[in-house]
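**Student:** Numbered by this note's numbering, the letters in the sequence shown go through residues 8 to 570 in order. Backbone N, C-alpha and C fix where the C-beta goes; we use that ideal spot for every residue, glycine too. Quick caveat, the model's predicted, so the values are computed rather than measured.
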Amino acid sequence: MVSGQILLEKGLLDERQFRLAREAQAADGRLDRAAVELGFVSEEDALAAVGEALGLEVVDLAHARMDLALLKDFPLKLIHQHQIFPLRCEDGSLIVATGDPFDLHALDAAGAATGRSVLPVLVSPSELAKLIKTHLGVGAETVDGLLAQREERGVEVLEELEWDRSEASEMAQEASVVRLVNEILSEAVEARASDIHLEAQAAGIKIRYRIDGVLQLQPMPPEINRFQAAIISRLKIMAKLNIAEKRVPQDGRIKLKVSGREIDIRVSIIPMLHGEGIVMRVLDKDRMEFSLRGIGMDQDIYEQFSQLIKLPHGIILVTGPTGSGKTTSLYSALNEIKNEEIKIVTTEDPVEYQLEGINQIQVHTKVGLTFAASLRSILRHDPDVVLVGEIRDLETAENAIQASLTGHLVFSTLHTNDAAGAFMRLVEMGVEPFLVSSTVAGVMAQRLVRTLCPECREAYVPKAAEVPNDFPLQEILNRGDQLYRPVGCRRCRGKGYTGRVGLYELLVANDELRQLTGERIASHKIKQAAMKAGMRTLRQDGWRKVARGQTTIDEVMRVTGAD
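Printed below as a string of structure tokens:
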């Protein structure tokens with residue numbers, strides 16, 4: 008109540024807001040935090056007001072001076088229980104960061120444990136939590152058996168779990184292990200990770216999150232290695248896998264609700280040299296929006312692609328490596344054209360997201376339901392549009408071509424480096440060149456690049472020697488466009504990038520390209536002809552996004568080769 012009274016006296020809350028914040032306030036919570044959560048006041052203003060009233064300095068942890076050597080002698084129990092952190096020693100006093108200046112017991116305990124006078128400084132509680140994770144590791148408080156004394160982030164398993172009475176199963180159900188696994192999963196969701204890698208190494212377990220397409224090592228306390236077997240068993244139970252089987256690969260799925268959001272997690276477990284390795288694909292339904300407008304297509308490519316996906320028949324291919332956003336582009340295309348007058352059926356391996364108004368089939372290779380087999384059955388269901396998850400073999404390719412020849416529009420993916428390579432890839436599979444040239448209406452190659460953090464990006468002018476030969480530096484400078492480079496701040500976790508955008512190379516088949524395909528002409532000749540007809544390459548689309556300040560030269564070079 009004291010903190011709320013401070014905000015009221017400072018004029019940051021009116022009587023109505025004060026009353027509402029008091030009603031929303033948890034039994035053991037603070038009124039100023041309730042006011043921040045309700046949006047009545049910003050966290051910065053609330054901290055400044057409380058700090059001024061109590062005579063405490065408010066510190067930005069991103070720029071604070073720290074002596075991490077203090078952690079060796081500072082009781083970690085206090086850090087986890089009371090959310091405080093030793094920053095440095097100054098004039099004989101220990102400077103301690105706290106998000107709760109009213110927790111005098113924590114400061115007294117810190118003074119008693121270190122034998123120094125303690126000088127508190129006020130910091131953002133959320134930034135303090137990130138600092139603790141950075142230096143002590145995700146789940147460190149669970150390893151110490153301390154999470155029970157703090158409010159746990161809500162992770163709810165949406166399916167009933169089953170386990171036997173074996174020792175491994177019992178160990179996996181211990182409260183500390185459950186909390187530790189929940190912490191690993193919820194931290195990944197909060198960090199916008201697309202994949203979680205738990206890798207068994209000789210020195211113990213290593214955890215990495217793939218964020219914006221790049222793997223980032225997560226700091227972990229060394230004690231976590233004691234829990235390695237229990238963590239793996241817990242994840243197997245959650246994914247409904249055989250916890251006793253450790254010799255063969257296993258695949259499963261976990262359905263969770265994290266902080267009120269439904270999350271699907273695909274689990275793949277493979278035996279490695281030093282134990283089982285686990286990779287989990289995080290599918291956050293609430294964050295996904297399948298819209299061609301929202302995936303970074305420029306207006307000219309959007310207009311061309313929109314015309315392609317509205318054709319009455321033909322094959323439209325999307326190419327690129329794993330993780331380049333092919334599925335998102337295809338789902339966005341289907342969402343663009345779906346209506347009550349057309350029937351859309353997909354066959355996928357696996358079905359990543361469930362789409363309203365679209366009939367989706369999950370491939371089961373073990374029982375003979377392959378892409379090719381399901382595609383044959385789909386055609387008996389009178390579809391207008393068919394999506395085949397991937398053309399992997401000649402049988403699937405021939406069935407897709409047959410479907411397009413009989414009046415269906417077929418979408419699919421293919422693994423090639425560029426759009427022009429798709430034609431010869433199908434020919435190499437064994438499809439007759441004249442069938443490829445007469446059915447493939449267009450090919451879109453794509454890549455994903457990280458976008459610069461708008462909060463900390465820095466304008467600069469590179470020297471000619473610092474950029475690749477094909478980068479149009481002079482042309483960009485003459486136009487007055489501004490180039491930027493990454494810096495790193497709190498918002499982007501110090502990486503300089505936040506989020507991703509697509510690079511697109513759209514090849515629309517014309518008479519010349521069909522003739523070249525029919526004559527089995529090499530892919531680079533097809534690419535040259537497409538560029539002459541107006542196709543912009545992945546690299547060129549990347550340079551356009553660099554000139555707009557969306558991404559960097561290094562990012563484009565990371566995912567594309569020179570033309």
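#1: DSSP puts S419 in a beta bridge; with which residues?
#2: Between which two residues does the beta strand (DSSP E) carrying S275 extend?
#3: Whose C-alpha, out of I244, L242, D202, is nearest the C-alpha of Q225?
#4: Decide if V468 is buried, meaning its Cβ has at least 16 other Cβ atoms within 10 Å, or exposed.
#5: Going by C-alpha distance, which of W550, E519, L442, G501 is nearest E482?
#6: Kindly indicate which residue of F441, T334, L19, V393 has the alpha-carbon position closest to the one of A56.
#7: Which of the three DSSP states, helix, strand or coil, is assigned to L27?
#8: What residue range is occupied by the uninterrupted alpha helix (DSSP H) comprising M603?
#9: So D293 packs on E310, CB below 8 angstroms; how close in whole Å?
#10: Are there three or more Cβ pairs, one per stretch, closer than 8 angstroms when the region 225-242 is compared with the region 529-539?
#11: DSSP on T211, reduced to helix/strand/coil?
#12: Quick check on I351: does DSSP put it in helix, strand or coil?
#13: Look at the alpha carbon of M564 and the alpha carbon of R454, and state the distance between them as a whole number of angstroms.
#14: Report the partner residues of I105 according to the DSSP bridge assignment.
#15: Excluding the 5 residues preceding and the 5 following N366 in the sequence, name in chain order all residues of the same chain whose CB lies nearer than 6 angstroms to its CB.
#16: Do A410 and L382 have their C-beta atoms closer together than 8 angstroms?
#17: I277: buried (16+ other C-beta within 10 angstroms of its C-beta) or exposed?
#18: How would you label G437, buried or exposed, when you count the other beta carbons within 10 angstroms and need 16 or more for buried?
#19: Cβ atoms of G449 and L315: under 8 angstroms apart, would you say?
#20: Does the ligand GTP have even one heavy atom less than 7 angstroms from the beta-carbon of K292?
#21: Got a sec? Which residues, its chain only, sit under 8 angstroms from L318 by beta carbon, not counting five neighbours each side?
#22: Could you give the distance in angstroms between the alpha-carbon of T105 and the alpha-carbon of I285?
#23: Is DSSP giving N517 helix, strand or coil here?
#24: Closest by CA to G414, which one among E402, A427, T423, V392?
#25: What are the boundary residues of the alpha helix (DSSP H) that Q535 is part of?
**Tutor:** A quick look at the data gives this:
#1: Here S419 is bridged, per DSSP, to L324, V395.
#2: 268-279
#3: D202
#4: exposed
#5: W550
#6: The shortest Cα separation from A56 among F441, T334, L19, V393 belongs to L19.
#7: The answer is helix: DSSP assigns L27 an H, G or I state.
#8: In the structure as shown, the chain starts at 8 and stops at 570, and residue 603 therefore has no counterpart that could be examined.
#9: That belief does not hold up - the Cβ atoms of D293 and E310 are roughly 30 angstroms apart, past 8 angstroms.
#10: no
#11: A quick correction: the sequence has Gly, not Thr, at residue 211. Of the three classes helix, strand and coil, the one that applies to G211 here is strand, per DSSP.
#12: strand
#13: 11 angstroms
#14: Correcting the residue type first, residue 105 is Thr in the shown sequence and not Ile. I91, L129, per the DSSP bridge assignment.
#15: V352
#16: yes
#17: exposed
#18: Residue environment for G437: exposed (fewer than 16 other C-beta atoms within 10 angstroms of its C-beta).
#19: For L315 and G449, yes; Cβs fall inside 8 angstroms.
#20: This structure lacks the ligand GTP, and indeed carries no ligand of any kind.
#21: L416, A448
#22: When rounded, the distance between both Cα atoms is 37 angstroms.
#23: coil
#24: V392
#25: Run containing Q535: 530-539, per the alpha helix (DSSP H) assignment.
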